[in-house]
Amino acid sequence: GIQVEQSPPDLILQEGANSTLRCNFSDSVNNLQWFHQNPWGQLINLFYIPSGTKQNGRLSATTVATERYSLLYISSSQTTDSGVYFCAVLAYSSASKIIFGSGTRLSIRP
Amino acid sequence: NAGVTQTPKFQVLKTGQSMTLQCAQDMNHNSMYWYRQDPGMGLRLIYYSASEGTTDKGEVPNGYNVSRLNKREFSLRLESAAPSQTSVYFCASSLTSSGANVLTFGAGSRLTVL
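Protein chains in written order, with the working numbering: chain A, 349 to 458; chain B, -12 to 101.
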């Protein structure tokens, strides 16, 4: 099945810094989503982005489907950005199985 | 509009006991999913239901059974719980099972097996 790798596994930043999180996948996908899991465990969908670029406030995401990677950018980090960021993909070859990467744990220090 | 509701939120079992986790969605979604999340790890797909009346295995189905009771409800059953099944379980739903399907998650159910 498809492999999903996220990097870096952990990231510690000062408030106000910018960050880039990466998601690599091993097969062609027709669905890619980014999620934020807050410190209380709640999973919130940030972007549905199988290709192209989207922006939502301080967050933006880019997926280059032909090269099998996606990037999540966080600008001017705030402490509320802390948590774990996951990408999840649905491969063309995998019916309806949406597979998650292992996540990037982001800690923003005041 | 509650979204995806999971019950119970917390459960402690002894090895060998059985239990069922309940999940219901009120968004008229066709597809539903069960994931488990172990400490410090990502989510792994246990079972999914692409539409009412169908269920399929995910990445880690062993030790679990599911029932898609109707369009709204998708339950996960542990017949004989083992300590390795200690985890946080998440139910999710999406409008469709292919293409542009955005997952909406429940709050999670924390299960401890002693």
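Even glycine gets a Cβ: it sits at the ideal position worked out from N, Cα and C.
Here's a check: name, in chain order, each residue in its chain whose Cβ is nearer than 6 Å to the Cβ of A:Q351, leaving out the five neighbours to either side. Cβ neighbours of A:Q351 beyond the five flanking positions: S374.
Would A:L394 and A:D429 qualify as a contact pair, given that the criterion is a beta-carbon distance under 8 Å? no
What does DSSP give as the partner residues of A:G400 in its beta bridges? A:T411
Buried/exposed call for A:A443, threshold 16 Cβ in 10 Å: exposed
Which residues, in order along the region 382 to 402 of chain A, keep a beta-carbon less than 7 Å from a beta-carbon of chain B? G389, Q390, L391, N393 and Y396
CA-CA distance, B:E39 and A:N404? 34 Å
Quick one: grab the DSSP three-state call for A:S367. Strand.
Just to confirm, is the Cβ distance from B:V89 to A:Y433 under 8 Å? no
Looking at the unbroken beta strand (DSSP E) that takes in B:R(-2), where does it start and where does it end? Sequence check: residue -2 of chain B is Gln here, not Arg. Secondary structure note for B:Q(-2): its beta strand (DSSP E) is the uninterrupted segment F(-3) to L0.
Whose CA, out of A:K445, A:T427, A:R457 and A:V437, lies closest to the CA of A:N379? Ranking A:K445, A:T427, A:R457 and A:V437 by Cα distance to A:N379 puts A:V437 first.
Separation of A:P458 from B:S54, as counted between CA atoms: 46 Å
Span of the beta strand (DSSP E) holding A:E353? V352 to S355
Going along chain A in order, which residues have a C-beta closer than 9 Å to the C-beta of B:A11? Within chain A, no residue comes near B:A11; the closest Cβ sits about 17 Å away, beyond 9 Å.
If the cut is a Cβ gap below 7 Å, which residues of chain A does B:A37 touch? Here the neighbours are S444.
Cβ neighbour criterion (16 or more within 10 Å) applied to A:Q426: That one is exposed.
Chain A within 8 Å of B:A(-11), Cβ atoms only: no
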